Each structure stands twice: as structure tokens, then as C-alpha cells.
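Data block below; observations after.
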Amino acid sequence: MKNCLKFVLQLSTILLIVTGTALAAEIPATNLAALTDVQKYERAIHIMAMLLVGFGFLMVFVRKYGRSALTATYLLVSISIPLYFLKESYHGVGTATGVIDKLILAEFAAASLLICAGAVLGRMKMHQYLLLGLIFVPFYALNEWIVLNNGLGLITGKVVDTGGSIVIHAFGAIFGLGVAASMTTKEEYATPIECDDTSDRYSLLGSMVLWVFWPSFCAALVAPADVPRTAVNVILALCGSTLATYFASVKLRGKISAADIANATLAGGVAIGSTCDLASPGTAFAIGILAGVVSTFGFAVIQAKLTDLTGKVDTCGVFYLHGLPGMLGGIAALVVVSGINFTAQLTAMVVTIVIAAFAGLLSGKVIALLGERAEPYVDSEEFEGEETCQEELQELIAEADLSR
Amino acid sequence: MKNCLKFVLQLSTILLIVTGTALAAEIPATNLAALTDVQKYERAIHIMAMLLVGFGFLMVFVRKYGRSALTATYLLVSISIPLYFLKESYHGVGTATGVIDKLILAEFAAASLLICAGAVLGRMKMHQYLLLGLIFVPFYALNEWIVLNNGLGLITGKVVDTGGSIVIHAFGAIFGLGVAASMTTKEEYATPIECDDTSDRYSLLGSMVLWVFWPSFCAALVAPADVPRTAVNVILALCGSTLATYFASVKLRGKISAADIANATLAGGVAIGSTCDLASPGTAFAIGILAGVVSTFGFAVIQAKLTDLTGKVDTCGVFYLHGLPGMLGGIAALVVVSGINFTAQLTAMVVTIVIAAFAGLLSGKVIALLGERAEPYVDSEEFEGEETCQEELQELIAEADLSR
Amino acid sequence: MKNCLKFVLQLSTILLIVTGTALAAEIPATNLAALTDVQKYERAIHIMAMLLVGFGFLMVFVRKYGRSALTATYLLVSISIPLYFLKESYHGVGTATGVIDKLILAEFAAASLLICAGAVLGRMKMHQYLLLGLIFVPFYALNEWIVLNNGLGLITGKVVDTGGSIVIHAFGAIFGLGVAASMTTKEEYATPIECDDTSDRYSLLGSMVLWVFWPSFCAALVAPADVPRTAVNVILALCGSTLATYFASVKLRGKISAADIANATLAGGVAIGSTCDLASPGTAFAIGILAGVVSTFGFAVIQAKLTDLTGKVDTCGVFYLHGLPGMLGGIAALVVVSGINFTAQLTAMVVTIVIAAFAGLLSGKVIALLGERAEPYVDSEEFEGEETCQEELQELIAEADLSR
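Protein chains in written order, with this note's numbering: chain S, 78 to 481; chain V, 78 to 481; chain D, 78 to 481.
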């Protein structure tokens, strides 16, 4: 009897331990997972701020095309995110288990699309941006599947591209160049892109919003314990490119260019993408400086020459902000990451460039079938409202100049 | 002796288990609660960005009234939040236990007040906005108490309104219409509301800030595990209304209207409010499309007719952005949520409309006692500073036109 | 044998308890620490939004100097953050263990530097801002080390300054006054600072971004459980200063000044800094009101007199937004916090003022060696691009005025 009692006591003790421990371990685990997802959600909102306010206002530098640029941004985001979700419901990417992971991947697709659209900004009718989105997302997803999930078995090892230097930035930029190459008309080539101090300040607003939230873009899908280090790397890379842009802009142009400051400052964020969670702080800073110099050189020296040489216009200069620094980022991984699989990384870059270029050229042909704008770079072609105050004033100035 | 020892050992084991488990379970539990509250805090900050930058800049579309609109936004937020806290310290709402819950409820009150003020924007002196806030918040809290806490025993079941389609958006809009109905003067009716490309771009900035942080508004008080699904629903609804707004605007007006794009794009966020944590993604997208169409139809077709018919001005068109889509959201719950209590939901809507309309009309009468603006829609009546450059220029243009 | 079995059972039970409990307690503990750091990261991003978009656009109120103000903001942030990290790698501050704590401390240094630069905005060449940053950060770190870590043994107790009223705001403002005192030229004193309605609206954007994210600045390094209370205190203080600013501005000037609204509304955030985690909500609101009155009085009454009296220009009025309210915050702690060490708190304030004033005067002399701007307050001196539309127009107006 006493032994029996003891046995029951003993047994209940063990049960208590097991269930107690299990409870103690498991309840928090569930909650921890939920809290971790909510933290990813926070970063997803930061990325959304980049997509709409960041990319949107960065593109407002085209003076008379501000309302159109912002509306196009709205439409490109609104077409690509549901489309990516739709794709996910049929063919989910292996790594994205939770709904919040899918949201972040959809935002990545939207970012890449916005980069692409920057190359042809001001030269498409509004519904053509929508068509561009419809064509872009499947190709983007195809490249993502081949490169990151090794969909075709081409990639023989791990590709290092946490923050998307290759699959987001370079892909979007090269796709956009393809579209521009298929579409640029002589009138567009001949029409200068005007900006003024108000459009410049809007553009700098977009730039700063991108700068501020860039760490959340790169660390979006990183494990909680790695977020701080990743964030500091991204911030140091951005500091590096910002400082380098100022010096390079003054050196190359004699004076500072607001366009350089708005754009090339961000090149550090683009280039650190691949290695944001792996680089040391010092390396991140150095990658940022290098990216800032390369990007500013692109805007200040290459852009004008290449435009004249090819007769093709890259409205926002996405090749110099996203294309070159994106590839720089992919290559930097070869130097920075010990034990990296060279073949896999280089294959990923080549595949990305090939798909983006081919799909971009094709898309441009298709989209061109829907016609072209009569007047590039002006809101008035598609938006309601009389001439704005400033436009009237410019006419007035022109008249006054004539009468002098 | 040996038994005694065993007993002590046994007892200490059990104590160890109990306290150990308790410790293991409780320490994290406390911390988890704190971390959960900090996550609510993050969403509260997002909402604050909506209140000031979002609502504030959305209202800057009135060209000459930008400084006033932003100052009014500052004052309306700063009067309503402390007032709601003051109320809470006497008569707390049942569900708001922590201080961060109270902050979020106070922000909801501020949002509803800003919606209300949008209806009479540009036609009140600055101190009248403050008086509006002082009158609005008690009525808002009364409605909240009756509808969400069943204060009078009128509501016979659960009201489905997580993101406040009914108690925040519809309440604020109808209250605002009541104030406008009591206050609009002939001069105000006759004075056109002017905008230009700079004020439009500011307005789109406000719109985008609202769009970006809207998921945090709807998911503010949702449990951590439900945040991701809720957020995705809100984003899909906003994508739906954005796409629908573009098509409806072109269809109904021939050209795109920047006002439609700035406003009706957000209707999906308003309408998904009630069911944001319950709808499926597809349903959320559909609700967004419907809301975008309804709202754009309101701005493009109804607004001008209703203004002429009644002689009353709804400056920001809050009826078409918050009123109609808010009611649509409340009704959508009847279709979307299985097992919803029809009577409770409909009673909630009727009570909200009645209290808002009555209190709005009354407030308008009271506020009108403090006088009216001589010149509607211009900063210069209450703000320091000479005429701005643009105003001088417009005079110059007018002169030039005369001399031609 | 049976006893032996029992003993093993007993022992294994205890082991199970101990390891089980340990596991249950430790696994979450690690994750909790990671999640807590990610939450600090969120606040660090909010602070970054304040540094770039907030401070940056607040300074765009100088009409013709917008691009320069934003570029200077970019450079000041990008020089100070890596510099502070560099310092940390040699001589870490005691309280900052994790990398995210260091990031936040670096951001605090950047905030103080931006405040300092506001005093001389528009009167330095771009590379001189960089030099200012290089000189400022070591002195800032020295003061931080003496006051907060008692580096020299001068501080005999705990200094109450959680949100940095003293070491961030007052230090930056007084340092800036020192630089301005060493540098202001006669031409600068004689050149009026122009603003217009567009630059005012940009300034209000910066102001609102600062307002929105201020709670994250004050609560950046606060324990999770104290974040909600701290945040509510900061928000109530900001509500108080916003309301007080409106009334004081109308009372002191007759009309509202957009500059008061953009600046003095934030004084509550500055003044609540020291006691943000310790004050009661009511006290926080009262401190905010007091700070709003003091700051508005500074802008409306003192600024013009002091400028004429001394011949020195404080471009952004940082003394009235950060200097006076910062000291008010430090002194408020003496009244609000029970058991505060008066000597320690007052010593901290005196040390801060002495170091900032001395270092500021010295820095001004050094920076002046690199030359001075020919034309203060205009972008065109250092930026590319023809005259902007508005500037051409103003010439046109001037001509038209002459020809009348």
C-alpha cells in the first residue's frame, strides 16, 4: 500500500515533469514563432514604405511627370503583389512557409518591377505599366525559381544573395534596359528630361525613405539573431556610398549633382545585398564606398555617352544605381565569403542576366504593340486638370524673353 | 529515518518541479507579454504616422491652405489623444487593459476626428478645430461604448468591426457631414477649391503613407498569431481598390484624376476594416475592388451633383472615401463572416449613423457660434508671412492676361 | 535492488527536472534576447527616419537651400555613424553591449550633430559640414563618457537623462551656438533667410516625421516592459507642446507662424527626454506645455533680439528648440524624480554646457580656416543646374515691378 502510494506519487511526479516541461517549452515556442512573424511583418511594412514612398518619390524628379510617376508606382505595386500571391498559391517557393514570408517575397518582386519600370519611366501609357507588371512577374519568378531554388538543376551549390543584389536589383535593371532598348523612340531620345528644385526635393525625399528602411529590406527574411549585424552592415555600406558619392560627384562634375545625391547614395545598399549578413562591418563600409564611386561614375560619365551611343534612354539611370552595383554585390561575395561556391554564384549571375535581357527585349516588343505616348514625360497627356501654375508661368517667361 | 529522507527528497522534487516549471513558464510569459506590448507599440507608431503625415498631407491638396491643414492636423491629434486618455482614467473601455491598448484606442478616436474635420477643411478658424475635437471625442467614446461594449444593452451579439469600418470611418465621415450641413455658407459653396501639381504631389505623399501603414491600423489590437493574415488581407484589399480606382477613374472621367488616385485607392483599406482578420485573401481582394469602384464613382459622379443639390460642401470628400466604403465594409461582414449576428451588426450600423448625424449637426451649430472665416481655403487669413511667390506670380499672370 | 532502482528513478527524475527546466528556461531566453534586440532595431530604424527625413526636411525651410540642407544631412549622418562605431571598437561605452545598442548610441551622436549643424545651416561649404562632424563626434563622446559613464569621477550619482535632453539636445545646441559665434560673418548677418509656402510645407513634413517617431528615440534603450509607459509620456508631452505652441504663437505674434508650428511643437519631446520613463502621464503633459511656451517665446521674442544684440545668427533657432527645452528637461528631473541626486544632475548639466561651448567655439575657429561661402543660403553655389523656375520667375517679377 505504501509502495503503491509511493509509485503513484513517483509516476505523477514524472508526468508532472514531462508535461510541465513540455508546456513550459512549448507554449513560449508557439508564441515566439508568432512574435518572430510579427517582427517580419514590421520589416514587410518598412519595405512597403520603400516601394510606394521611396521608389515613388525618387521618380518624381521628372518635373512635369510627378503625378504619373506616383500613379504608376501605385499600379505596379498593386498588380505585382496579388500576382505573386496567385503564383504562390499554385507553385510555392520552397523557403516561404508562412504567409508573411510570401508577402516579403511578393514585395521583392514588386521592388524589382519598380526598378525595371524606372528605365522606361515617362514613356509608357498608364495601362502599359500594368501590362509590364503582368509580363515581368512570371519571368521574375522563373529566375527566382532557377537561381534560388535550383529549379532546373543548373545551380550546383549555395548562391549568396540574401538582400537580392543579383536576383532583385540586377534582374530588374537589366530587364528594364531590355524594355527600353525595344521601345525608345526618336522623339523620346530627343526630349530632355526636366527637373526643378521642387522635383529635386521630392526625389531626395524618396531617396531618404529608401535609405532609412533599406536595412529592413536586406534583413527581411534573416533569422532574429542575425538582424542586428545585418542592419549595421547595411547602414555602414550606405554611409560609405553616401560619402563616396559626394566626393565623386564633386570630382567628376566640378559641382554637386542632386541626381547623384538622390541616387548613387543608395548604391551601397544595392551592393551589400548579397553579403549583408556575412560581411564584417569594415568590409561592408568598403563595399559601400566602392559602390558609391562606381554608381556616381555611371551617372556622371557613362550615362550621357551610352545614351548618345545607343540612342536608347534609361530614364532613371537604373543601370547605374541597380545594374552595376547589383553585379558588384554579386561579385563581392566571391571575395568576401569564405568557402563560397564560385561556379554556383557565377552561374546565378549569368542566368539572371540572360533571362532578364531576353525577357526585357521581348516585353518591350509586346508592350510597344499597345502604342506609344505622343508626348513623353508630361502628366497632362493622361491626367485631368488645366495647366499648372508653373507651366503657365514658363510660357509667360518664354513670352517675356521673346519681348525683350 | 530512511523514509523520512525519502519523503523530504520526494517533496523537494515536487517543489522543484512546481517552482521550476512555474519559473520556466512564468519568466518567459512575463517577457512575452512585454514583447507583445512593444509590438503593439510599433503598430501604434505606424498609426501615428498615418494620423500626422498621412491624413495631414492628404489634406494639403487644397493649394493655398497647406500650412493650415497641417497645423489643424497637429491640433486635432494633440487635443483628442490626451482627451481620450482623460476619459479612460475615469471610465475605461473593457477591452483596453494595458496603457498601449489605450493609446491605440485614443489614436482610433483621433483618426475618426481627422476624417470628420476633412469634411469642413478650410472653413473653420484654427481654434474651431480644437472645439470640434472637444465635442467630437465624447460622442465618439459614447458610440464606441454603446456599439463595442454594449453600454446600453442594445447590441445582442458580437459586432464584427476589427479595423473600424463602422465605428471609426463611417462615424467620422457622417459626423463631418453633419457639421458641414450645419455650417456651410454661401461664400464657401461659391469658392472653388484650387490645387496645383505641387499640392497634388503632397496629397499623394499623404495617400501613400496611409496606404503603407494601413495594415498596422487594422491589425493594431489583433493577437500576434493573427497579424500576418490580417496584414495580407488589408494589403490585398488596398491593391484591389488601387487597380479599380485607376480603371474607374479613366472610365468615368475620360482622364485620370489625381484626386481619385490619392483618395479612392484607400477605399479598400476602409472597407476591409470590419472583416480584416476574418476574410479570405480572395474575398479581401474582391472587397477592395468593389470599394475602389464605389469610392471613385462617389468622387467622379456623385460629389458634384450632391454638392449642387444640397448647397453643402464636403471639402475632402470624406463621404466617398470613408462614409460609403465604411458602410460597405460593415455590410460585407454580413456576407463574409459565417455565423455573424445580423441584428447586432445592423443595430451597430444604425446606432453609429444616428449618433454621428445628430452629434455632427449639433456640433456644427455650436461651432458656428464662434464665427466664420471671411476667406475660406487660404493660409493668409491666419498665418504670418507675405504673399508667397506663387501668389504674386498668379497676380502677374492675371495682369499679363489683361494686357494682352 | 528495489531501493537502487528507486534511487535511479529518483535521480533521473531530478536530472530531468533540472535539465528540463533549464532547457525550458534557456531556449526561450536566448530567443527572447534576440527578439528584444530586433525590437531595439525597429526603434533604431525609427530614429534613422528622424535623422534623415525628420531633421533633413525640417531644415528645408530655407527656400533656396533645400538640396544643400538635405545633402548636408546625408553627409552628417554618414560621417558620424561610422566614426562613432570606430570609437566604440577602441573604447566601448559600458552600457552598450550589443551591436544594436552601439548603433542607437551612434544615432544619438548623429542627432546631436544635426542639431549642432542647424545653428550654422546655409553658411558652410559642404566639406565643412564633414569637418564639423569629424570634430564634433569625439567631443560628444567625451561628454557622454564623463557624464553618463562617470569617466573622470566627477559625477557622484545617477544622472537622469534617458532620452538625452541634456547630453543630446542641449549639448548639440550649445555646441552649434559656439560654432556660430566663431563663424558668423557680416554678410550672413545681413542676408535674410527666405522661405515660401512650398519650403514651409517641406519643413512641416520634417517636423511631423520627428513628432511621430520621437517616442522611439526616447524609448530606444529602455527595457521592453517600460516602453509603453515611456511612449505614452513622450506622446502626451508632444501633445502638450503642440497645443501650447499654437496658443503662444497667436498670443505673441498676433498670427500663427509656420516656423513656430514646425519647431516649437517638438519642444515637448526635447524636454521630456530626461524623465520620459519616470514621469507620470499628467506631469509629462505639463512638461510638454511648459516646453512649448518656452520654445515659442524663444522663437517669437528672444531670437530677433538676441540676433541683433550679438550679431550672430542661429539659422534654425536650435537654441530655442533644443537648447532651452533641453535644459528645462534636465531641471524638470530635479522636481519630478523622487530621490534624485541634485549634485550629480546639476554637475552633468554644467559639464555638458562647458564642454559644448568650449568645443563649439574652438571648432568654429578651425572650420573657418577652410574658408567661407560667398553667398549664404543658396543651392546654386555648390549645386549643378541652371536657375530654377521659381528663381527666374522672381527676376521676372522684379522686372515687372520696375516697369510698372
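Yeah, the Cβ is synthetic: ideal placement off N, Cα and C, and Gly gets one too. All values reported here derive from a predicted model rather than from experimental measurement.
Sixteen is the threshold: since fewer than 16 other Cβ atoms of the shown chains lie within 10 Å of the Cβ of residue 452 of chain V, the residue is exposed. Contact with chain S is absent for residue 381 of chain D, since none of that chain's Cβ atoms lies less than 7 Å from the residue's Cβ. Taking 7 Å as the CB threshold, residue 119 of chain S lines the interface with chain V. Residue 124 of chain D sits in a helix when the DSSP states are folded into three classes. Look at the stretch 286-312 of chain D: the residues with a C-beta under 7 Å from a C-beta of chain V are 286, 288, 289, 290, 292, 293, 301, 302, 304, 305, 306, 308, 309, 312. When CB distances to chain S are screened at a threshold of 7 Å, the residues of the stretch 156-167 of chain D falling below it are 156, 158, 159, 162, in chain order.
Every alpha helix (DSSP H) of 4 residues or more that sits fully in the stretch 396-449 of chain D is shown, in chain order, as 401-413, 419-445. Here DSSP, grouped into helix, strand and coil, assigns residue 181 of chain D to helix.
Under the 7 Å criterion on CB atoms, residue 319 of chain V is classed as interfacial with respect to chain S. Going by DSSP, residue 328 of chain V is part of the alpha helix (DSSP H) stretching over 304-330. Under the three-state reduction of DSSP output, residue 333 of chain S falls in the strand class. With the rule of 3 Cβ pairs closer than 8 Å, the stretch 117-130 of chain V counts as touching the stretch 179-192 of chain V. Of the candidates V:139, V:159, V:199, V:159 places its Cα closest to the Cα of residue 211 of chain V. Ranked by how close their Cα comes to the Cα of residue 403 of chain V, the residues V:354, V:216, V:369, V:313 have V:369 in first place.
Closest in alpha carbon position to residue 432 of chain V, among V:256, V:234, V:139, is V:256. Shown here for residue 393 of chain D: same chain residues with a beta carbon closer than 7 Å to its own, the five before and five after excluded, namely 136, 195, 196, 198 in chain order. Residue burial is scored here from C-beta neighbours: residue 412 of chain S has fewer than 16 other C-beta atoms within 10 angstroms and is therefore classed as exposed.
By the neighbour-count criterion, in which a residue is buried when 16 or more other Cβ atoms sit within 10 angstroms of its Cβ, residue 419 of chain S is exposed. In this structure residue 318 of chain V does not touch residue 326 of chain V by the C-beta definition: roughly 12 Å separates them, more than the 8 Å allowed. Straight-line measurement puts the Cα of residue 231 of chain S at about 58 Å from the Cα of residue 340 of chain D. Contact between the stretch 435-455 of chain D and the stretch 235-254 of chain D is present: three or more C-beta pairs spanning the two stretches fall below 8 Å. In this structure, the alpha-carbon of residue 428 of chain D lies about 30 Å from that of residue 204 of chain D. Closest by C-alpha distance to residue 414 of chain D, out of D:371, D:350, D:375, is D:350. With a threshold of 16 other beta carbon atoms within 10 Å, residue 119 of chain V meets it and is buried. With respect to the C-alpha of residue 447 of chain D, the residue from D:330, D:291, D:398, D:200 having the closest C-alpha is D:200.
With respect to chain S, the C-beta atom of residue 454 of chain V has no partner C-beta closer than 7 Å.
Taking a beta-carbon distance threshold of 7 Å, residue 338 of chain V counts as an interface residue toward chain S. A contact between stretches requires three or more CB pairs, one per stretch, nearer than 8 Å, and the stretch 297-313 of chain S meets this requirement with the stretch 349-365 of chain S. Any Cβ of chain S closer than 7 Å to the Cβ of residue 277 of chain V would place that residue at the interface, and such an atom is present.
Per DSSP, the beta-bridge partners of residue 460 of chain S are V:333.
Within the model, the alpha-carbon separation for residue 225 of chain V versus residue 372 of chain S is close to 55 Å. Within chain S, 305 have C-beta atoms less than 7 Å from the C-beta of residue 177 of chain D, given in sequence order.
Here the alpha carbons of residue 215 of chain V and residue 322 of chain S stand approximately 54 Å from one another.
Secondary structure at residue 452 of chain D: coil, using DSSP grouped into helix, strand and coil. Cβ proximity to chain S below 7 Å picks out 358, 362 from the stretch 357-374 of chain V.
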